[in-house]
Amino acid sequence: MTTNKPIRHFLQFSDFTREEFEYVIKRAAIIKHKFKNYEIYHPLVDRTLVMVFEKNSTRTRLSFEAGMHQLGGAAIYLNTRDSQLGRGEPVEDAGQVMSRMCDIIMVRTFGQEIIERFAAHSRVPVINGLTNEHHPCQVLADVFTYYEHRGSITGKTVAWIGDANNMLYSWLQAAEVFGFHLNVATPKGYDMDMALVNTDRYTVFDDPRDACNGADLVNTDVWTSMGYEKENAERLRAFAGFIVDDEKMARAHKDALFMHCLPAHRGEEVAASVIDGPQSVVWDEAENRLHVQKALIEYLLLGQLPD
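All residue numbers for the sequence shown refer to the working numbering, where the first residue is 9 and numbers rise by one.
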């Protein structure tokens, strides 16, 4: 496929400006409204999304595949175990070939450098569905969810409780873009890689309870992410006391929201009373992956549309 406009990729949260995100958020709300009202909206007829998975997925595959169909296009699933990528085909070659046969590509892989190399050789937009370093689509869905429930996130305080993982690094980039503050509490030995930090809009706390003080949003993730399963027992010991429970939520603002990108382990990183409680918006958050990614795909392929 060829295009007359410059190719835009979404490989990490900082790839877009605040104005672009605000447009995508506005479009996500419009597209979600259409979805909820069973309005057919097919702006991407005859367009094809290729989804390349090196890491397993539930929400990423379902939201991208269903979303592309709902926009009138087609989605093709490729697992690296079942393709030539799994047999050693260079990432650069795969980017060249795939991008000649489709309109947009989503990649879910391990190292960020893999998707950067892929995008550098792609003739169509590439979206990061998750890497070890960044998870921009999830944080975009989270920001959109906050907008739905509480309005603008600018000037707010977000608490991150857990290790320094791809979610945290995308949240840090979002803080810089949207102008909010991040309270970070990570266990010793699982702190931030400063090479991945591009903002000073954060404060580090040793005690996760202190990080929740006055927060407008409390966020966490599983203690053992994909690829770190061998460290599970060690991580369980290191993360003792980092569960987001009722005590920690009580330190946040009384109308604070709780988010989790899922899957969740009740009794480990979050108490059942929190994730299933009245402040939790995790199900809206999960559903909103569908809507923000549809808006993102629409923007990358069609640009800004008139109201």
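No residue lacks a Cβ here, since even glycine has one placed at the ideal position from N, Cα and C.
It is roughly 32 Å from the alpha-carbon of Ala37 to the alpha-carbon of Arg108. His142 is classed as buried because its beta carbon has at least 16 other beta carbons within 10 Å across all chains shown. Ser288 sits in a strand when the DSSP states are folded into three classes. Fully contained in the stretch 190-235 are the following alpha helix (DSSP H) runs of length 4 or more, in chain order: 216-220. With a contact defined as Cβ atoms closer than 8 Å, Gln301 and Ser71 qualify at about 5 Å. Rounded to the nearest whole angstrom, the C-alpha separation of Asn64 and Arg131 is 26 Å. Assignment of beta-bridge partners to Ile161 by DSSP yields no partner. Using a Cβ-Cβ distance cut-off of 8 Å, the stretch 149-157 and the stretch 287-303 are in contact, since at least three pairs of beta carbons, one from each stretch, lie closer than that value. Here Asn221 is not near Met267, since their CB atoms are 8 Å or more apart.
Straight-line measurement puts the Cα of Cys269 at about 25 Å from the Cα of Glu27. Just measuring C-alpha positions, the residue of Ala203, Glu237 and Ala183 sitting nearest Thr211 is Ala183.
Between Asn174 and Leu225 a beta carbon distance of about 18 Å is seen, past the 8 Å cut, so the two are scored as non-contacting. The beta carbons of Pro133 and Phe21 sit no closer together than 8 Å. With respect to Val105, Leu86 sits apart: the two C-beta atoms are not nearer than 8 Å.
Nearest to Asp215 by C-alpha distance, out of Asp229, Leu180 and Arg259, is Arg259.
Per DSSP, the unbroken alpha helix (DSSP H) holding Gly103 starts and ends at Val99 to Met106. Assignment of Val147 by DSSP, reduced to helix, strand and coil, places it in the helix class. Short of 8 Å from the beta carbon of Ala279, and not among the five residues preceding or following it, lie these beta carbons of its own chain, in chain order: Ile251, Val252, Asp253 and Asp254. Spatial neighbours of Val99 in its own chain (CB-CB distance under 7 Å, excluding positions within 5 residues in sequence) are listed in chain order as Ile122, Arg125 and Phe126. By the Cβ criterion, the stretch 242-249 is in contact with the stretch 192-205, since at least three pairs of Cβ atoms, one from each stretch, lie closer than 8 Å. Under the criterion of beta carbons closer than 8 Å, Leu57 and Ala83 qualify as touching, at roughly 5 Å. In the three-state reduction of the DSSP assignment, Asn87 falls in the strand class, which pools E and B.
Taking 8 Å as the cut-off, the beta carbon of Asn136 is found closer than this to the beta carbon of Val115. In the structure shown, the three-state DSSP call for Arg125 is helix. When the Cα atoms are used, Phe43 and Gly96 turn out to be separated by approximately 40 Å. The C-beta of Arg274 has fewer than 16 other C-beta atoms within 10 Å across all chains shown, which makes the residue exposed.
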